[in-house]
Every structure is written in C-alpha cells, then in structure tokens.
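Note sheet for the following structure.
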Amino acid sequence: MNKYKRNKISLIGAGQIGANLAMMAAQKNLGDVVMFDVVESMPMGKALDIHQTTPVQGLSSTITGTNSYADIEGSDLIIITAGIPRKPGMSRDDLLQTNAKIMTDVAQNVKKYAPNAFVIVISNPLDAMVYLFQKVSGMPKQKVLGMAGVLDAARFRTFISMETGVSVEDITAFVLGGHGDTMVPLPRYSTVGGIPLTEYPGLSAEKIDAMVKRTAGGGGEIVALLKTGSAFFAPAASAIAMAESILFDKKRIFPCAVYCEGEYGYKDMHIGLPAMLGAEGIEKILEVKLTAEEKSALDNSAKAVEGLKEDLKRLGFL
Ligand code: A3D
C-alpha cells in the first residue's frame with residue numbers, strides 16, 4: 289500500500305458539527321472527506337458547497353456527500369455526530385432511547401463497512417453513546433473514543449485567558465470525568481505560562497471557582513444564547529485536534545472519553561481521562577495523583593456515567 293495515500297475520513301451526521309468537521313478536516317489536510325446523513329440529499333449539498341471552497345482556499349481534499357453507508361467503506365477515521373437534540377417536552381429517557389437507536393444503527397454500519405477505522409464519537413449523552421458504540425460494534429477499545437474533554441478544557445482555557453489576559457497559547461487546562469455538569473476541571477493541574485492556576489499571582493480562589501463552574505456549565509451557556517441548537521464550532525475543532533493527533537501520530541495528551549479497565553478504580557465504562565493519542569489510537573491513559581476531594585468529585589461523575597449505562601441496560605440496548 290502506498291503510505292502516502294490520503295486518509296479517508298467519514299463523518300456520520302452532516303448537521304452543524306458535521307459541516308464544520310468537513311471544512312476543518314479539509315483545511316488541516318487530514319484527507320478526503322465523506323459526509324453521511326439520513327436526510328435525503330442534504331449531505332450532498334453541503335459537501336458540494338464545501339468542496340467548492342477548496343479551489344479558493346488552495347486545498348486538495350475532496351468532500352463528498354452520501355445517503356449510503358457503502359460509501360464509508362475503508363475509512364481510516366470516522367467521526368460520529370448523528371443524533372437528535374433534546375426537544376421541548378422530551379424526557380431524558382426519550383432522548384436516550386432515540387439516540388441509542390441511532391447509535392446502534394451507526395455502530396452496525398461502521399463495523400460492516402469500516403471495521404479498521406478509528407472512531408471518535410461526539411453524539412450526546414457522550415459517555416453512554418461511546419460505550420454503546422463500542423459494545424455494539426465490538427471494535428477495538430483503543431480505537432474508539434469520545435470527544436468531550438478537549439472541548440471542556442478549551443472552554444476552561446478560554447475563560448482563564450479572559451480572566452488573566454494571557455494568550456490561550458500559554459494556558460493549559462486539565463478536565464476529568466463525564467461530559468456534563470459533573471465534569472471535574474482541575475485547577476491544580478491547569479497552568480498559565482507553566483504556573484499552576486492555584487499559584488498564579490492575583491487569581492483568587494473565588495475567581496478560580498467561578499471559572500470552574502462556568503466551564504462545567506459551558507455547553508448550557510451557549511445553548512441559552514443560541515436559543516436553537518448547541519455549540520458546533522469548538523466541538524468540531526476539538527474532534528479535529530484528536531483526529532490530527534491520531535492520523536499524524538502526534539502523541540498529544542488530551543482528555544478523552546476512554547474505556548476503563550481499572551484506571552482510577554473504574555471498570556467497564558467510558559469516562560474522560562487524560563490519554564496519549566497516536567497511530568495506535570489511545571496509546572496510554574495517564575493516572576495522576578488526586579486529592580481526596582478531587583477523587584470524590586471524579587467518583588461522583590463516574591456515578592452519573594454509570595447511571596446512564598444502567599439506563600441503557602434498562603431500555604434494552606445492552
Ligand atoms: P445537528 O445539527 O442536529 O446534526 C445531527 C445530524 O445527525 C443531523 O443532520 C441528523 O439528520 C443526523 N442524523 C440523525 N439520525 C441519524 C442517523 N440515524 N444516521 C446518521 N445521521 C443521523 O446536531 P449537531 O451537529 O449540532 O450536534 C450533533 C451531536 O453532538 C448532538 O448529539 C449534540 O448533543 C452533540 N454535541 C456533543 C458535544 C460534546 O462535547 C460531547 C458538544 C456539542 C454537541
């Protein structure tokens with residue numbers, strides 16, 4: 289096989305995030321992009337529009353749209369955003385049931401047409417959806433991961449930059465746990481110019497606490513402002529950073545929803561932990577020391593994720 293062959297990246301779901309993923313994947317030269325959606329002809333329209341930006345942007349990727357799973361055949365990497373958002377009057381169970389049905393169908397088709405692909409799941413509820421995808425597809429655990437922590441950390445970094453005036457480039461942030469309001473942003477392991485946030489001159493514990501809370505509610509803040517739909521630019525950029533680390537074997541450390549086999553005391557579940565992403569997918573999961581308070585916050589988050597898993601069992605998906 290020609291090792292210089294372009295990667296094939298398939299996007300399952302061509303909605304708000306899907307369209308941005310296609311544009312960013314092309315801009316980052318990740319490879320050729322296939323956009324799949326169940327809505328008739330819509331992915332073809334978006335793909336053609338994005339493809340027509342490539343001559344102007346000086347890019348060589350092709351972008352194609354499809355309503356047929358056969359077109360994802362042989363993909364190197366798949367990013368899944370298929371799902372529906374919660375609608376007014378819809379219960380949590382209704383939403384879980386609908387998205388779990390969609391994810392089961394997606395997993396069966398990805399397994400059929402692209403069993404060797406790396407898979408990044410974005411659909412919500414994230415930790416439950418990535419777990420379900422892995423169980424239904426049976427694809428290797430180190431090649432199936434969920435995007436949430438990169439976005440949550442990006443939000444935390446943005447708020448720290450807004451507060452300190454320091455460029456986001458010199459800010460790192462560490463976020464653990466499930467995606468949702470139980471997530472655990474860790475100021476002790478977040479830095480500004482290499483200085484732990486908790487030691488940064490002039491930054492009070494109250495200000496740090498406010499940024500931690502704003503990070504945990506970061507998705508809701510954007511939903512409230514947009515009034516329809518949820519965030520899509522930063523979620524797309526976050527998944528693209530993960531894809532880049534895998535496809536270019538960058539070995540970057542990102543918080544990702546990974547399958548646990550005893551890490552931090554958790555078993556048989558996906559939860560956000562720091563992981564090294566490279567050519568093998570999840571190459572390492574880092575276990576860092578946590579204070580009793582931090583561990584108890586992470587346990588609380590794990591309990592919420594475990595609850596979703598139980599719901600999937602109760603509804604007959606597992
Ligand atoms: P949206 O613009 O609604 O796109 C979802 C797409 O999925 C639509 O085009 C649907 O037609 C499509 N779809 C529905 N059913 C299927 C199916 N069976 N097969 C293939 N495609 C299907 O949503 P979006 O792009 O804004 O968000 C996508 C998902 O990401 C949602 O579940 C969001 O809740 C989630 N999300 C997660 C994060 C995280 O950080 C984890 C952040 C933001 C959004």
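Our numbering numbers the first residue of the sequence shown as 289 and each following residue consecutively. In this text, a Cβ means the ideal position worked out from N, Cα and C, and glycines have one as well. Values in this document were obtained by computation on a predicted structure and should not be read as measured data.
Q) Under a Cβ-count criterion, where at least 16 other Cβ atoms within 10 Å of its own Cβ denotes burial, should residue 460 be classed as buried or exposed? A) buried
Practice problem: Mark residue 501 as exposed unless 16 or more other C-beta atoms lie within 10 angstroms of its C-beta, in which case mark it buried. | Solution: exposed
Which one of 527, 534 and 580 has the shortest CA to CA distance from residue 552? 580
Check: Out of 296, 575 and 596, which has the shortest C-alpha to C-alpha gap to residue 406?
Finding: 296
Item to complete: Decide if the segment 336 to 356 is in contact with the segment 379 to 397; the criterion is three or more beta carbon pairs, one per stretch, under 8 Å apart.
Response: no
Practice prompt. Kindly indicate the opening and closing residues of the beta strand (DSSP E) around residue 574.
Written response: Residue 574 -> no beta strand (DSSP E), and no H or E assigned at all.
Q | N- and C-terminal bounds of the beta strand (DSSP E) containing residue 566 | A | 555 to 566
> Which runs of the alpha helix (DSSP H), 4 residues or longer, sit entirely within the segment 508 to 562?
Replying inline: 521 to 535
ask   = Which full runs of the alpha helix (DSSP H) of 4+ residues lie inside the segment 474 to 508, going along the chain?
value = 493 to 504
inquiry  = If I measure Cβ to Cβ from residue 431 and keep anything under 6 Å in the same chain, skipping five residues before and after, which residues do I get?
reply    = 406 and 569
Using a 10 Å radius around the Cβ and a threshold of 16 neighbouring Cβ atoms, would you call residue 334 buried or exposed? buried
For residue 349 versus residue 320, is the C-beta distance shorter than 8 Å?
yes
Quick test of your reading: residue 527 and residue 372, contact by CB under 8 Å. State the CB separation rounded to the nearest angstrom. Between residue 372 and residue 527 the Cβ distance is about 19 Å, and since that is not below 8 Å, they are no contact.
* **Any non-hydrogen atom of ligand 1 within 7 Å of residue 518 CB** => yes
Local conformation of residue 444 per DSSP, three classes: helix
Whole angstroms is fine: what's the gap from residue 450's alpha carbon to residue 399's? 43 Å
Original post:
What do you reckon, is the C-beta of residue 558 under 7 Å from a heavy atom of ligand 1?
Top reply: no
Quick one: what's got a C-beta closer than 6 Å to residue 413's C-beta in the same chain, skipping five residues either side?
596
Quick check: does the Cβ of residue 297 come within less than 7 Å of any heavy atom belonging to ligand 1? no
> Does the Cβ-Cβ distance between residue 564 and residue 571 come in under 8 Å?
Replying inline: yes
Where does residue 346 land, buried or exposed, given buried means 16+ other C-beta within 10 angstroms?
-> exposed
Checklist entry - Within 10 angstroms of its Cβ, does residue 379 collect 16 or more other Cβ (buried), or is it exposed? => result exposed
Under 8 Å by Cβ, that's how I've got residue 298 and residue 360 pegged, so tell me the actual separation to the nearest angstrom. 4 Å
Subject >> Span of the beta strand (DSSP E) around residue 354 >> reply: 351 to 354
Buried or exposed: which applies to residue 602, given that a residue is buried once 16 or more other Cβ atoms fall within 10 Å of its Cβ? exposed
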